[in-house]
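In the working numbering, the protein residues as written are 60 to 1054.
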C-alpha cells in the first residue's frame, strides 16, 4: 500500500494488475477480515460513476486476485465470497499500512514508558516502510482518501521521530533530514522549531535565526499569517541565548490533542457572536412548501446529528434567495450567531476552504496569528471552537463536496444550508431540495410583487404569456419585472412582443447587472472542450428531450462516453435528466446553446448537418425495427432505406419495448424532420427519403402517438420533397396526411391526400405504399357509402398485396372489403372472407389483425341474425385488445357489442358497454366517426330503456359529430333526434309534478 500496489509471494512482488483491480485489492486489504459488500466495492472503485457492468467487472477482478494468491500457495478461502460481498482474510501484519499503525502504537507505548531509544527506532522502522506515494496510480475515491490519510500519517510519524531524536541529543544527525522535510512540507510550523532547536544546539545560532526568518516569509506569502506563539517564543529564546535549549528538552508523553491546542488559541473567554447573513430579499415569492420543510428540518431541536440542508438547481432558479430566506427565518434558533460565505463555485476563482475557515475562525474570536496552517488543522480547530455552540452557516454557491466538507461543524446543535448547481451527493445532507422552475402562479406572484398588482391584473393574459416566455425561470421573471418597474410607460404586452423573437430573447432578459445569459455563461466556461462540443451540438436536435442512444448516435460517439459527457452537463446544471437515460435542455439554456459561436474549424452549418444526418439515420433504424415488431411480415419494412445498424443497436426485442421507444422518441423524431424541412432547398434529397420512411414506420403506432401532429410535419415534408422531385418521399408523406385525415374522419381532405399519394407512388414505383393508398381510398369510399367504388379500390389494393407477397396487408384489405359487403347488405359473402382472414392472422400471431378480424366477423354475424355467435366474437376481440393494449379497437368492439346486446334485449350490459365506448372516444381526438357511432348506439339503447332525455342528448351529440365530419350517418342521427325528441316531450307531459 505504501507505494506501488503489489502482492509479495515468497520473496517476489507480484503486480496487482490493472489500476481498477488494484483499487479493488486496496479496498479489500484495508478492511482485511471484514466482508466488503459489492455496493461498497463499486463505490470504492468508481464512486458515483460505476458502469452498468460494474458487478461483472468486480467479479472478474476478484477471480484474478484469487488466482494470484492461489499461485503463491494461499488457501482459496483467503479471498472468499460471503453473501453479497468478499472478505480478504490475511493477518494485519501482512498489510504494510496496518504494520505501520502497529509500529506507531508500539512507539507511543515505548515513549510513554521512557524508552526513547526504542520509540525512535520503531518510528524509523515505520517510516522506512514507505516506498513512495501511497497507493501510487490506484484510481477511485477510496484510494484517494486512503492516499491522503497515509501521507498525513507519514508526516506525523516523522515529526514524532524528530522530537525523540532531539530528546536523545541527536541534533547534528537530524539537521539534514529536517532540512529536506521542511522543503517537502513548508507550511507546517513544528518542523521549523525542530530545525531551529537542532541548529542552535549544534552551535549554529545564526542559522537557527535564519530558519525563523524563512518560516515567517513562507507563512506570510502562502497563508497571510505570522508564525505561531510557540515558534515566536523559541525565536526569542534563541535571541536571548537560552542555555536550556542546548540540553535535551523533555518530550511530551503524547502529542497534544487538537482540543488542547484549540483551547489555548480560542481567544477571549466571551466568544464573539457573528451575524454575517446578507439582508433578506424583500420581494421573495413562492416556494412555500419547500421553505417550510427546510425551516422545520433546521430548527428541529430533537435531532441527533448535524442538520445540513442542501439546495441545488440550475443557475437563476432561486437557490440563494431561498437559502437566505430560510436562514433569516430560523436564525433566532441559533443564538451564538450566523456565518456566511460565498464559495464562488461557478466562477473561475472558487473560494479556498482554508481561506474560508480562516475567516470563520477570525469571526469566532480566534486571533489571526493562532490560526493553524493546514486546512485539516483549521477544520479541526473550527469544529472545536463550535463545540457546544448553536451557530448557523450559510454556504452559498458551492463547487463540489471537497470544498464543503472541511467547512462543516461537528456540533449537533449547529446547522448548515448549502447551495450548489450540482447535487452534492457526498455531503451528509439530512434534507435535500432540487429546485425546479416556478409554477405559473409563483411566477405571476413575483411579477406582481415587483411591478404592482394593478399593472399585472390589468393585462393578466399578457402577464401569463410573459412569464411563460421567461420559461418560469425566477431570474428571468425578476429581470422582466425590473424592466417593467423601471419603465412605467411600457405595457406588459409591449415587453412580451420584444421577447417573442427567440433569436433576441436572451438579449432582452437583461437588467443592470442581472442577465440570464451570464448564468449559463458561468457554467459553460467550466466545461471541457468535449463537454462544450456536446452542449452545442445537441441543442438543435434534443427537443423536447433526447434518449441516450439517440444522443450517442447524433454525436457519433459510444454510449458510455456520451453518458459520461451528458452527466457532466447535468452536474454543471446545463442539462436536466428527468429520468434515467433521458436528457433535456431548459428552454432558455437551449436558446443560449443555439447562439454560441461554433469553433473556427467547423464549416458553416456542417457540424449541425452531420448531427442531424446521424440522428435521422439512427431514428430510422429504430423506427424500422419498431415497425417490424408492430406489423411483422409487412412488405413495407423491406422498402425502408435503412443504413446498416451499428453494433449492439438491435435492442427492441418485444412489441412492448418498441411501443415504449416510439412514445419516448416520437417528439424528438418529428422535430428532426421539421429541422430537415426547414432547410428547404438545401435539404439533402436522400435525407428526405429517410425522413419519409421514418414517419411511415412510426405511423403504425397511430394509437400511441399524436398522429395529427405528425401529419402536419408530413405535409411540410411532402411539399419540400415535391420541390426536390423526390416522388418516393412525397408519396409517403402524402399517404401519412391522407391516413391521418381518414382517422379524423375528414373525408374530403383524406381523399385528396390519398389521391396525391397514389399518383406520387405510381411515379416512384413505390408499390408498397400505393397498396396502402388504394386501401385508404376504399375505406373513404365506404364511409361515403359508395360501396362499388370501395370494392374497386380494395381490389386494386389486394392485387398489389398479392404481387408484393404482403400477406398481412392483403388480409387487412380483405377485412375492409368484407366490411364494405356487410354494409352493402351482403354479409353472407363477407363471413367466409372473415373466416379465412382470421385463420391466417392467428397463424401469423398478428394480434392487432386478429382483433380487427373478430370485430368484423362479429358485425357479419350480427347482420345474419346469429346474435349469440356475434357476442362471442366481440368478447374474444375484447380479450385480445385488453391483453395487447389496443384501446381504440376495444372501444369499437364495445359499441358493436352493445348494439348486439340491445337487439337481444339485454339493456343494462348494453348501456354499460356503450357508455364505456362513448367515454373513450370523447377523450381521443380525430376519431369522430367512432364517437358518432358510439353515441348513436347509446342513444338507441337509452330510448329503448325509456331514458328519453339521455337518448335525446346523445342523439343530438351524434348528429353534431356526423354533420361536422360530413358523414352520411348524420341522416340516421337526425331521425333518432326527431323520434327521441317526441318521446322526451311526451314523457315530460305525463310525469307527475314532484310534491
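Ideal Cβ placement from N, Cα and C applies to all residues, glycine included. Source: prediction; values computed, not measured.
Quiz item: Near residue 298, which residues of its chain fall below 8 Å by C-beta distance, leaving aside the five closest residues on each side in sequence?
Solution: 268
Quiz item: Out of 89, 82 and 898, which has the shortest C-alpha to C-alpha gap to residue 102?
Solution: 82
Quiz item: Excluding sequence positions up to five away, which residues of its chain have a Cβ less than 8 Å from the Cβ of residue 734?
Solution: 599, 600 and 671
Quiz prompt | Helix, strand or coil at residue 805 according to DSSP, with G and I counted as helix | solution = coil
Quiz item: Going by alpha carbons, who is nearest to residue 503 out of 494, 491, 518 and 493?
Solution: 518
Quiz item: Do residue 913 and residue 936 have their C-beta atoms within less than 7 Å of each other?
Solution: yes
Exercise. Compare the beta carbon distance of residue 530 and residue 594 with 7 Å and say whether it is the shorter of the two.
Key: no
Quiz item: How big is the Cα-Cα spacing for residue 868 and residue 930?
Solution: 27 Å
Quiz item: Does the distance from the C-beta atom of residue 379 to that of residue 478 stay below 7 Å?
Solution: yes
Quiz item: Considering only C-alpha positions, which residue in the set 764, 740, 1004 and 688 is nearest to residue 716?
Solution: 688
Quiz prompt | DSSP state of residue 482 mapped onto helix, strand, coil | solution = coil
Exercise. State buried or exposed for residue 432, treating a residue as buried only when at least 16 other CB atoms are found within 10 Å of its CB.
Key: buried
Exercise. Give the secondary structure of residue 238 by DSSP, where H, G and I count as helix, E and B as strand, and everything else as coil.
Key: helix
Quiz item: Ordered along the chain, which non-local residues of its own chain (more than five positions away) have a Cβ less than 7 Å from that of residue 329?
Solution: Low confidence applies here, because residue 329 scores a pLDDT of 43, under 50, leaving its location unreliable; read the following figure in that light. Nothing meets the Cβ criterion.
Quiz item: When the distance is taken between beta carbons, is residue 147 closer than 7 Å to residue 87?
Solution: yes
Self-check item: Rounded straight-line distance, which links the Cα of residue 366 to that of residue 67
Solution: 46 Å
Self-check item: Unbroken stretches of the alpha helix (DSSP H), 4 residues or longer, contained in the region 520-591
Solution: 533-545, 551-558, 564-567 and 575-584
Quiz prompt | Rounded Cβ spacing between residue 415 and residue 466 (contact assumed at less than 8 Å) | solution = 6 Å
Practice problem: Can you tell me which of the three DSSP states residue 641 falls into? | Solution: strand
Practice problem: Starting from residue 490, follow the beta strand (DSSP E) in both directions and report where the run begins and ends. | Solution: 490-493
Quiz item: How is the alpha helix (DSSP H) around residue 863 delimited, first residue to last?
Solution: 846-863
Quiz prompt | Simplified DSSP state of residue 346, which is helix, strand or coil | solution = coil
Exercise. Pull up the distance between the alpha-carbon of residue 521 and that of residue 539, whole angstroms please.
Key: 13 Å
Quiz prompt | Residues of its chain near residue 1036, where Cβ-Cβ distance is below 6 Å and the 5 sequence neighbours each way are ignored | solution = 1014, 1015 and 1018
Quiz prompt | Between the CA atoms of residue 633 and residue 84 - distance to the nearest angstrom | solution = 37 Å
Quiz prompt | Rounded C-alpha distance that separates residue 62 from residue 710 | solution = 45 Å
Quiz prompt | Length of the line joining the Cα atoms of residue 91 and residue 150 | solution = 8 Å
Practice problem: Identify, in the order they occur along the chain, each residue of the same chain with its Cβ nearer than 6 Å to the Cβ of residue 943, setting aside the five sequence neighbours on each side. | Solution: 906
Self-check item: Which of helix, strand or coil DSSP assigns to residue 635
Solution: strand
Quiz item: Hey, residue 863 and residue 741: beta-carbon distance below 7 Å or not?
Solution: no
Quiz item: Which residues in the same chain have their Cβ closer than 6 Å to the Cβ of residue 422, if we skip the five residues on either side of it in sequence?
Solution: 333
Quiz item: How is residue 968 classed by DSSP in three states: helix, strand or coil?
Solution: helix
Quiz item: Three-state secondary structure (DSSP) at residue 397?
Solution: strand
Quiz item: For residue 713, which residues does DSSP report across the bridge?
Solution: Residue 713 is not bridged to any residue.
Quiz item: Of all the options 258, 562, 283 and 262, which has the alpha carbon lying nearest to the alpha carbon of residue 271?
Solution: 258
Quiz prompt | Buried or exposed by the 16-neighbour rule on C-beta atoms within 10 Å, applied to residue 553 | solution = exposed
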